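Just so you know, the sequences run in chain order A, B and C. Quick note: the first sequence uses the numbering used here, first residue 831, plus one each step. Quick note: the second sequence uses the numbering used here, first residue 831, plus one each step. Quick note: the third sequence uses the numbering used here, first residue 831, plus one each step. Here a beta-carbon is modelled for each residue, glycine too, at the ideal position from N, C-alpha and C. Small disclaimer: the values here were computed from a predicted structure and weren't measured. Reviewing the structure listed below.
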Amino acid sequence: MKKIISLLTDFGTFYPAIMKGVIFKINPDVEIIDITHSVNRIKEGAFLLRSCINYFPDGTIFVVVVDPGVGSRRNILIVDGKIDNSPKILIGPDNGILSLAIAEMDSYKVYQAFNKKYFLKDVSRSFHGRDIFAPIAAHISKGVSIDEIGKTCSKFEKLDIFLKINSREIIGEVLYIDDFGDIITSIPNNLINDIKTVEFNDRKINIYDTYSDVKKGDLLVLKGSHGRVELAMNAGNAAKFLGIDIEDKVTLKVINAYS
Amino acid sequence: MKKIISLLTDFGTFYPAIMKGVIFKINPDVEIIDITHSVNRIKEGAFLLRSCINYFPDGTIFVVVVDPGVGSRRNILIVDGKIDNSPKILIGPDNGILSLAIAEMDSYKVYQAFNKKYFLKDVSRSFHGRDIFAPIAAHISKGVSIDEIGKTCSKFEKLDIFLKINSREIIGEVLYIDDFGDIITSIPNNLINDIKTVEFNDRKINIYDTYSDVKKGDLLVLKGSHGRVELAMNAGNAAKFLGIDIEDKVTLKVINAYS
Amino acid sequence: MKKIISLLTDFGTFYPAIMKGVIFKINPDVEIIDITHSVNRIKEGAFLLRSCINYFPDGTIFVVVVDPGVGSRRNILIVDGKIDNSPKILIGPDNGILSLAIAEMDSYKVYQAFNKKYFLKDVSRSFHGRDIFAPIAAHISKGVSIDEIGKTCSKFEKLDIFLKINSREIIGEVLYIDDFGDIITSIPNNLINDIKTVEFNDRKINIYDTYSDVKKGDLLVLKGSHGRVELAMNAGNAAKFLGIDIEDKVTLKVINAYS
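Written as structure tokens, this is what we have:
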């Protein structure tokens, strides 16, 4: 069975194709899946990785490169872990981008990549996706032991997801805005169980199951498919309408609960 | 030979990757092709499906999810049919998105998916692409019989393509605007056989074979590669220039014919 | 081992998928890689091809369609060559788009495609990507000899990369602006060896190794991963900030060199 290498970067167009060339040159017998190449922030990328990782097959290798510190002294991490008993491998810079997925793992080992034998010969200072991350992933997919490529390390950068719950309100942050303009917050779905109406940033909004439960152009709050509370507009762009951006804080107050 | 699953959605970035993870988890031995994830309207998606379906190999499974009614009571359809003697399978919501391709089929059977055994265990209310459509496609690609997943049904939503022909003029509608800004209408190419010049929405435009037959920045009408009349601008964006949008009506009057 | 067909076009969304359908219909046992479908200019596409070609495996077939002259009398070229001892095949219109990659080849043979047996039956005048380029690539990937599809030709369109070096300054041109807004020039990296500071279009800018060597929002000049000098902004879009576009001329004056 073919190994899967999936790519999550902020590279936009073109550069991901070079990574694919590099990978296929080392291991022609691999399946490559683009997760997204349009990430804007490290935390956003970290959340998207965490949000999709469970849906990929055992043994999938995730190459995650949102790396404003490329070419500086930041480490390159390889994580060998298990989520829900499914082995997954993560490769990325040590800037927190892997940390939200690691936090979900039942068990894991973190390595720092150091063995230049598994990098490209000429390593640029500005495109490690091509010169380091892609070749490491390809070599691992071919069966090279991670012990051979890196050495275990105990410390790595961690990101916090903001979430504050008190008796009057829940304060979360925006983790992702999807291409529909739906606002995905850090607030877990189960916190709005049995609730009918909330104030979302002081705006009264009803909670519904799905978009078409409200009229076109109306806002709704729903239990989102990421497992987190979402604010959306039926047939419209909620984020643009409300002027809300990634990492903005959002406040949820319960107005009305089912008794 | 690998089965092909092709994806046509309005999901933008990220969400299609989760569908791919789900598919490969169920059937690692499948080829996935992205058709587009940037559809804006149901009719546009229906037209694009119809426009590309003949170019795909026998047995291709099309997963078509432009689904503003996700999570409501709308049915989920599986179509097992033949176009030009080539078997094709379509999976999508019952909102008309499959209907323009079905209309081209020589023979077909329509099913409603109901067997939850072939969905993911937890079905969200807002992401059936991941929870229902992708797993159904993967199971069919592995050989599960459609009879096992759905039951035949006789009624389904149909879309109409607008086209009105009279002695003075042809009135059609815009079905697609491509990334060049070319305007693809509902008017079949053969209706402009032997014609030199038309009035397109009261603007006199000559008919040519291809873009470079006119100067840069000039408009032309041509027999398009979708089999429908197109309005284009050489090295420019006709739709932006004319302010024309999808589903707008367009009028074509013959000014001048080859005798 | 599967042959790789890689696609570099200006087709945006949707149309590339039809090319993939056509390819898989002819040869199901091929790997397709999208390089980019967002090219704006012929020279830009030619540069991107040249910039990535070395990173792809032996035998990769590049289908390169930025083709404003589609349907006119321009020829269709097939190039069978070697770069750094690695065989590569290029297919594209004779408008210069292949010429920058050809210029890097140790040896090559250029053919004009003429044998309609290897095109689709109905060839449109506006979508040769689907009707000619994709089927030719698929047939070659299946082992059809290029001699069978085309005849050798000695003349083809060539593009020049602008670069003028004198004692006071280097004048180059912008070959690509990537999705970060980094400005990739035609000036080879080795021309800024041992230099600390330059005037870039009369603006004094320091040369650094990588983005994070400067503060967020600051400009830097660096030796780029394309092998050419780049102008970038840490965590910002240099091209937008400076109002610089593809094919603009840029001037570099040495202000300060390491002694």
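Contact defined as beta carbons within less than 8 angstroms: I believe residue i pairs with residue j. What is the distance between those atoms, to the nearest angstrom?
{"i": "A:F892", "j": "A:L838", "result": "7 angstroms"}
{"i": "B:L907", "j": "B:D924", "result": "5 angstroms"}
{"i": "C:I834", "j": "C:I853", "result": "At roughly 11 angstroms, the Cβ-Cβ gap does not stay under 8 angstroms, so C:I834 and C:I853 are not in contact."}
{"i": "B:H867", "j": "B:D897", "result": "Contact flag wrong, Cβ pair sits at about 13 angstroms."}
{"i": "A:T1081", "j": "A:E999", "result": "5 angstroms"}
{"i": "A:Y954", "j": "A:D961", "result": "Rather than Tyr, the amino acid found at residue 954 of chain A in this sequence is Ser. Right, their Cβ atoms sit about 6 angstroms apart."}
{"i": "C:K1079", "j": "C:E1003", "result": "5 angstroms"}
{"i": "C:I1035", "j": "C:L1050", "result": "7 angstroms"}
{"i": "C:G926", "j": "C:L989", "result": "4 angstroms"}
{"i": "A:K912", "j": "A:S937", "result": "5 angstroms"}
{"i": "A:I966", "j": "A:A943", "result": "6 angstroms"}
{"i": "A:S836", "j": "B:A847", "result": "7 angstroms"}
{"i": "B:T1027", "j": "B:N1086", "result": "4 angstroms"}
{"i": "C:T890", "j": "C:K855", "result": "Contact flag wrong, Cβ pair sits at about 20 angstroms."}
{"i": "A:E874", "j": "A:L1061", "result": "At roughly 16 angstroms, the Cβ-Cβ gap does not stay under 8 angstroms, so A:E874 and A:L1061 are not in contact."}
{"i": "C:V1059", "j": "C:N1019", "result": "6 angstroms"}
How would you call residue i, buried or exposed, if buried means at least 16 neighbouring beta carbons within 10 angstroms?
{"i": "C:E1077", "result": "exposed"}
{"i": "C:Y941", "result": "buried"}
{"i": "B:T982", "result": "exposed"}
{"i": "A:Y1038", "result": "buried"}
{"i": "A:R880", "result": "buried"}
{"i": "A:Y1088", "result": "exposed"}
{"i": "B:S956", "result": "buried"}
{"i": "B:K947", "result": "exposed"}
{"i": "A:S984", "result": "exposed"}
{"i": "B:D1012", "result": "buried"}
{"i": "C:R903", "result": "exposed"}
{"i": "B:D1032", "result": "exposed"}
{"i": "A:M831", "result": "exposed"}
{"i": "C:I995", "result": "exposed"}
{"i": "B:D952", "result": "exposed"}
{"i": "B:S1042", "result": "buried"}
{"i": "C:S975", "result": "exposed"}
{"i": "B:D1008", "result": "buried"}
{"i": "A:G1047", "result": "exposed"}
{"i": "A:S1016", "result": "buried"}
{"i": "B:G922", "result": "buried"}
{"i": "A:N1023", "result": "exposed"}
{"i": "A:F888", "result": "Just to set this straight, residue 888 of chain A is Asp in the shown sequence, not Phe. Classification for A:D888: exposed."}
{"i": "A:N857", "result": "buried"}
Can you check DSSP and say which residues form a bridge with residue i?
{"i": "A:E1029", "result": "A:K1034, A:K1083"}
{"i": "A:L837", "result": "A:D864, A:V893"}
{"i": "B:L1061", "result": "B:I1013, B:V1051"}
{"i": "C:A943", "result": "C:G980"}
{"i": "C:G1002", "result": "C:L993, C:V1080"}
{"i": "A:E937", "result": "Note on residue identity: the sequence assigns Ser, not Glu, to residue 937 of chain A. In DSSP, A:S937 forms a bridge with A:K912."}
{"i": "B:I1074", "result": "None; B:I1074 has no bridge partner."}
{"i": "A:P1018", "result": "A:R1058"}
{"i": "B:G1066", "result": "B:M1063"}
{"i": "C:I1007", "result": "C:I1013"}
Task: Cβ-based contacts, 8 angstroms cut-off: residues of the segment 1024 to 1041 of chain C near chain A - done: D1039, T1040, Y1041
Task: Minimum length 4: unbroken alpha helix (DSSP H) runs contained in the segment 848 to 928 of chain C - done: 872 to 882
Task: In chain order, each alpha helix (DSSP H) run of at least 4 residues that lies wholly inside the segment 958 to 986 of chain A - done: 964 to 971, 976 to 979
TODO: Below 7 angstroms between beta carbons is the criterion; list the residues of the segment 879 to 897 of chain C that meet it against any residue of chain A, in chain order.
DONE: C882, Y885, F886, P887
Task: Residues of the segment 939 to 959 of chain B with Cβ closer than 8 angstroms to any Cβ of chain A, in chain order - done: S954, R955, S956, F957
Task: Residues within the segment 840 to 861 of chain A neighbouring chain B, beta-carbon criterion of under 9 angstroms - done: E861
Open item on the list: Counting only Cβ-Cβ distances shorter than 7 angstroms, please list the residues of the segment 1049 to 1080 of chain A near chain B, keeping chain order.
Closed with: L1052, G1054, S1055, A1065
Open item on the list: Please list, in chain order, the residues of the segment 1006 to 1022 of chain A that have any C-beta partner in chain B closer than 9 angstroms.
Closed with: Y1006, D1008, D1009, F1010, D1012
TODO: May I ask you to list, following chain order, the residues of the segment 901 to 926 of chain C that have a beta carbon less than 9 angstroms from some beta carbon of chain B?
DONE: G901, S902, R904
Open item on the list: For the segment 864 to 878 of chain A, list every residue whose C-beta sits within 7 angstroms of some C-beta in chain B, in sequence order.
Closed with: D864, I865, T866, S868, L878
Open item on the list: Please identify, using Cβ separations under 7 angstroms, the residues of the segment 968 to 994 of chain B that lie next to chain A, in order along the chain.
Closed with: none
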